[in-house]
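Protein chains: 2
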Amino acid sequence: MRIGELSSRTGISVRMLRYYEERGLLAPQRAASGYRCYDEADVDRAALVSSLIRSGLTTKLIIPLLPDGPAPAEAAEAAEAAEAGDGGRRPDPELTDLFTAELARLEAKIACMTLSRDAVRRHLARLAVPAGGA
Amino acid sequence: MRIGELSSRTGISVRMLRYYEERGLLAPQRAASGYRCYDEADVDRAALVSSLIRSGLTTKLIIPLLPDGPAPAEAAEAAEAAEAGDGGRRPDPELTDLFTAELARLEAKIACMTLSRDAVRRHLARLAVPAGGA
DNA sequence: CGTGTAAGGAATTCTGACACG
DNA sequence: CGTGTAAGGAATTCTGACACG
Chain A
2 MRIGELSSRT GISVRMLRYY EERGLLAPQR AASGYRCYDE ADVDRAALVS SLIRSGLTTK
62 LIIPLLPDGP APAEAAEAAE AAEAGDGGRR PDPELTDLFT AELARLEAKI ACMTLSRDAV
122 RRHLARLAVP AGGA
Chain B
2 MRIGELSSRT GISVRMLRYY EERGLLAPQR AASGYRCYDE ADVDRAALVS SLIRSGLTTK
62 LIIPLLPDGP APAEAAEAAE AAEAGDGGRR PDPELTDLFT AELARLEAKI ACMTLSRDAV
122 RRHLARLAVP AGGA
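So the sequence lines, in the order shown, correspond to chains A and B.
Going by the working numbering, the first residue of the first sequence is number 2, and it counts up by one from there.
Going by the working numbering, the first residue of the second sequence is number 2, and it counts up by one from there.
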């Protein structure tokens, strides 16, 4: 499918879909016309990326998070860079720290919002059944 | 306690504590000197307000959410306004809608961040135990 | 950094019409 | 009838840039 369809199916703006590609998060085929061609797997992948971005993750952190690894173009670059140093997959302690910090940030935020959600829920329940209160 | 102590105990800036008061979310006593005097209950109340604000709720929405109702000063104003109309507690359908929308927003955001948190957790686990992967 | 927008051009698709065998 | 084609407009997409918080 082309970018417009992916956009309406995912609710992600065309602008952002292009941005994801620029950052190596998505790598659609190209038609002879130059138009991007996305497949079904890209629908899920784009939705996941969007969710991660809305959660506050940066694209740099998202790349290694994606299930099938970085998008082809980026994978090639990464492989090149890796060959320059060693050939294997070393965890990169700096990145690990970033993920650890991110996890803590997400957990704190979720806790905060869960508390708020419960407060709003309780209030709505109170409004609906004004039995016990003053 | 005075504002500095409350601030360090809650991690909320002095600026924000004064703001909460300005918006009717907190109503500390005043010493003869004019200094604000908070009691123990204000520690929890301030923390709750802070959590709600960090979750994106507006102060207008937070006021009716607080367990003991609006802070004294605001309560007086509200009572006045209520007397002008009727004497009872009517739910105010508009506000109810706002809360319903807020609940939906919070639930969506929590779902989004929970998904992201899980992705980060999985990734960290993968980094720690690179047994099964490629 | 993530996102919107205005700009100008290129490729695509649409419809209704005409032509052909 | 099924099919190709030229015509004109509308919708879509492309890239690179600027703006914003």
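Glycine included, each C-beta is placed from N, C-alpha and C at the ideal position.
No experiment lies behind these values; they were computed from the predicted model shown.
Point to revise | Residue-chain proximity (residue 127 of chain A, chain B), Cβ-Cβ < 7 Å | key: Judged by the 7 Å Cβ criterion, residue 127 of chain A is not in contact with chain B.
**Study point:** Neighbouring residues, chain A, relative to residue 110 of chain B (Cβ below 7 Å)
**Key:** Scanning chain A for C-beta atoms nearer than 7 Å to the C-beta of residue 110 of chain B yields 114, reported in chain order.
Check your understanding: Can the beta-carbon of residue 107 of chain B be found less than 7 Å from the beta-carbon of residue 114 of chain A?
Key -> In this structure, residue 114 of chain A lies closer than 7 Å to residue 107 of chain B by Cβ.
Review point. Would a C-beta distance cut-off of 7 Å place residue 44 of chain A and residue 16 of chain A closer than the cut-off?
Key: no
Practice item. Starting from residue 120 of chain B, find everything on chain A with Cβ-Cβ shorter than 8 Å and list it in chain order. Key: What residue 120 of chain B touches in chain A: 49, 53, 66.
Check your understanding: For residue 27 of chain B, which residues in chain A fall below 7 Å Cβ to Cβ?
Key -> Residues of chain A whose Cβ lies closer than 7 Å to the Cβ of residue 27 of chain B do not exist, since the nearest Cβ in that chain is about 16 Å away.
**Study point:** Closer than 7 Å at the beta carbon, the chain A residues around residue 117 of chain B
**Key:** In chain order: 52, 53, 56, 58, 107.
Check your understanding: Beta carbon of residue 47 of chain A, beta carbon of residue 38 of chain A: below 7 Å?
Key -> no
Check your understanding: Buried or exposed: residue 123 of chain A, going by 16 or more other Cβ atoms within 10 Å of its Cβ?
Key -> Taking all protein chains shown into account, residue 123 of chain A has fewer than 16 neighbouring C-beta atoms within 10 Å of its C-beta and is therefore exposed.
Review point. Just the Cα atoms here: how many angstroms apart are residue 7 of chain B and residue 26 of chain B?
Key: About 15 Å.
Review point. Just the Cα atoms here: how many angstroms apart are residue 103 of chain A and residue 68 of chain B?
Key: Residue 103 of chain A and residue 68 of chain B have their C-alpha atoms some 32 Å from each other.
Check your understanding: Roughly how many angstroms separate the alpha carbons of residue 119 of chain B and residue 57 of chain A, rounded to a whole number?
Key -> 14 Å
Review point. Taking the Cβ atom as the reference point for each residue, do residue 50 of chain A and residue 21 of chain A lie within a distance shorter than 7 Å?
Key: yes
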